[in-house]
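Working notes, structure below.
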Amino acid sequence: MSPIVVLGGTMASQSIRFKDAAWLPAHPGGVFQSLVDDLASHALQKPAEIAFRFLPDRGDAGATVWTWAKLDAQAWAVGQYLAQQGIGRGARVLLAYPTGLEFIAAFLGCLCIGAVPVPVSLPRPRERLSRWGHVSRDAGVSMILCSADDLDRLSAQAAEAGLAACHAPLAAGAGPIAFDRAAIGFQAGPEDLAFLQYTSGSTEAPRGVMITHGMLQANLAQIRAGFGFTALDRIVGWLPHYHDMGLIGGILTPVHLGISNTMMTPTSFLRDPLRYLQMVTRYEATVMGGPNFGYDHILRRATPEAIAGIDLSALRVAFSGAEPIRADTQQQFQQVFAGAGFTPCHWVGCYGLAEATLCVSVTPPAKLARHARLDAAALRQGRIAAGQDVTLPESGVATDPQEIAIVDSGTLQRAPADRVGEIWLRGPNVAKGYWKTGAPELFNQHLEGTGGWLRTGDLGFVQEGRLFVTGRLKELIILRGQNHYPQDLERSVADSDPAIAEGRVAAFEQVNGGLGILCELTRQACRDVQPDSVFSNIRNGLGQSHGLAPDRITLLRPAQLPVTPSGKIQRLACKAAQWQDAVAEWQANAVQNSAPAAPHGAFLTQLKSLPAPLRKGRLLSHLRKALAQATGNTDTVTDDGRFFEMGLDSVSAVSLIAALEQELALDLDATVIFEHSTPKALADHLLARLFRQQDTEQSSKTEDMRALRALLDPAQSPRRQE
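Dropping the structure here:
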């Protein structure tokens, strides 16, 4: 019996592939057409049409809109600025921008003159520059570009770290208005390097994937065909611009196709995920999407009252990728939003990775996605057998002319049809290697006498032409759409507390998708175990370094951790093992759905009604309750404990800040929890802001009353009194 089923309907065709997808755009006169040429074409043919709309973090007022003509002009202004600074073809330029239109102009401006952009995430205030510095040095960047708002801070940080100088080419008064395209422009060929996409999973040694102009245009054409894009599509996005899905799928695809994109920041999405659906509704978006956790985040806020005005009837595609796709999430989402016009046909599963530029496979749009129902015991043994234990949504079919092979990682031969194997790829969008290192053990592999294959390190199988991804051969951990190498997490855990034995930590993704940590204690620590302190330090270390909160931490005695004969950690064995004789174990409680939002300023009204000496205690009590709800823990919450020690992660931190903003009628920066890292410190900060502002307003009102009394009664005038 076939394990492949269609949930919610039947499928007309048993096998679907995209037959007519040209891998490169048309080349008039034999000249390669690059992304810069695409941009110039849109600016010429539809200069006044909206290219990008960027919404601020709060509300739609003040949205920034760039037409195709404005985007083209801004990109060339950046190119001219770079050329004046001596930056030319092949020079690497680090782009350290927040989400927004300046980043897009900077990226395209580099391409205009043949420079090589290197996107990175914008460091937060007080954040270490270890990863940022590694990327800068590894790429050998000649210049760092940023916004004017961040110029002073990043210049100081870059100088302290010995990095290249920072510049803000679009700052007021910076850069010329006029530019000479003929003098500074670069006509790219398919083999020319377009940009470096650094892998996001490793904080210690990220590697730069070399994306050529030919690879980029090939994958953009595959995306166009795979998703069925037309000139009538409208995208609404929130994904980070420095990751491949956000950059190529959310920014470069619209530039290639000439379709509009309305953008919000990832922080804004985390604060209020339903605002994203409100944007889809308002701008009648036809394409939305993101990692599976994004849909879960929306569902946690989706009360009947909150989604009453949502209308998804204009949607054509709701894509899901970048992390394992979960059938239960998809089923719940389509049930909750069925009344808003969402149907099972909207789901488009996709699979991709930076080493393949971005997109590898896509579920054909407007078709019901298939699911594999499998026997769990057989799957653990690497066999594909029909059952009812596990339901895997498909990740689509290969985008032509890309090839997918399922390979036995031991024999390096094609795996039998009923076996799980490593996913190998070959196509015009597949990279030739990493910057500097190349990594020949992954790239240009040979299979059955043919070369050019990429070993992805992912596990999966193909049934009826559909790709199903089952796991990670390399043990890469994917949480909330972000890649985390276990070695990096293990290093942070080992460094968090001296009681943990060096090199005796295992990090892995649990069956339920959460983060599990196993670690051995030193023999000395076992003589006087202080497990609560160790648990707290581990949570703080993971929270501060990676923005993660573990679901389970288990402390073991020396020599209990499963290792190979050569001493390497056996993470899969750690994941499957049960520890009856562990020294101690901590487990996060299940986090409940968010409570309904309180009326705007409701808690501020309560505070104002209290005498000043009682306000701090009331606010601390409120913070403890909110923190317990956000983390699912009550026993670890204290006034002096650090937020990340108590189980807060980056997503729940943003949610907590958003709730405080609503309850206190106060605008708060997303970094406030990093700067005031305990409930007590945060309470002092909030009270100072709330009641300093109130005292200032009261003082102003008092002065106004005095002036009014003086006007009505000359006897009260200061001059008369003199």
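Numbering (full-length UniProt numbering), first residue to last: 1 to 722. We put the beta carbon where it would ideally sit given N, CA and C, even for glycine. If you're wondering where the values come from, they're calculated on a predicted model, not measured in any experiment.
- Leaving aside the five residues that flank Thr67 on each side, the residues in its chain whose CB is nearer than 7 Å to its CB run, in chain order, Pro47, Ala48, Glu49, Ile50 and Ala51.
- For Cys345, the three-state secondary structure derived from DSSP is helix.
- With a beta-carbon spacing of about 18 Å, Asn540 and Arg624 fall beyond the 8 Å limit used to define contacts.
- Taking 9 Å as the cut-off, the Cβ atoms of Leu556 and Leu521 count as close.
- At least 9 Å separates the beta-carbon of Glu191 from that of Ser147.
- The Cβ atoms of Ala139 and Gly250 lie no closer than 9 Å to each other.
- For Glu160, the secondary structure class from DSSP, reduced to helix, strand or coil, is helix.
- Boundaries of the beta strand (DSSP E) around Tyr198: Leu193 to Tyr198.
- By the C-beta criterion, the segment 457 to 467 is judged to be in contact with the segment 392 to 408, since at least 3 inter-stretch pairs fall below 8 Å.
- Within the same chain, Cβ atoms closer than 7 Å to the Cβ of Ala366 are found at Cys345, the five residues on either side in sequence being excluded.
- Within the segment 266 to 326, the beta strand (DSSP E) runs of at least 3 residues that lie entirely inside it are, in chain order, 287 to 290 and 317 to 320.
- Here Cys166 is not near Leu193, since their CB atoms are 9 Å or more apart.
- When DSSP states are grouped into helix, strand and coil, Asn261 belongs to the strand group.
- Contact between Phe227 and Val348 holds: CB atoms are separated by about 7 Å, below the 8 Å threshold.
- By the neighbour-count criterion, in which a residue is buried when 16 or more other Cβ atoms sit within 10 angstroms of its Cβ, Leu232 is exposed.
- Rounded to the nearest whole angstrom, the CA to CA distance from Asp528 to Pro558 is 14 Å.
- Taking a cut-off of 8 Å for Cβ pairs, the segment 274 to 282 and the segment 378 to 390 do not touch, as fewer than three such pairs fall below it.
- When secondary structure is reduced to three states using DSSP, Asp408 falls in the strand class.
- Per the DSSP secondary-structure output, Ser361 pairs in a beta bridge with Tyr351 and Ala398.
- Under a 10 Å Cβ-count criterion, Gln530 is classified as exposed, with fewer than 16 other Cβ atoms of the shown protein chains found around its own Cβ.
- For Ala658, same chain residues with a beta-carbon under 7 Å away, outside a window of 5 residues either side, are Arg271 and Asp272 in chain order.
- Contiguous alpha helix (DSSP H) elements confined to the segment 53 to 118 occur at 68 to 84 and 101 to 113, taking only those with 4 or more residues.
- Thr554 places its beta carbon less than 9 Å from that of Glu585.
- Remark: C-beta atoms of Gly543 and Leu656 do not approach each other more closely than 9 Å.
- Under the DSSP assignment, Ala225 falls in the alpha helix (DSSP H) whose first and last residues are His213 to Phe227.
- Of all C-beta pairs linking the segment 279 to 296 to the segment 682 to 690, fewer than three are shorter than 8 Å, placing the two stretches out of contact.
- Going by C-alpha positions, Arg300 is about 46 Å away from His446.
- Arg466 and Leu374 have their C-alpha atoms spaced approximately 15 Å apart.
- Within the same chain, Cβ atoms closer than 8 Å to the Cβ of Glu448 are found at Gln413 and Arg414, the five residues on either side in sequence being excluded.
- For Gln587, the beta-bridge partners assigned by DSSP are Arg552.
- DSSP, read as helix, strand or coil, puts Thr605 in helix.
- Taking His297 as reference, the option from Val317, Ser268 and Gly438 with the minimal CA-CA separation is Ser268.
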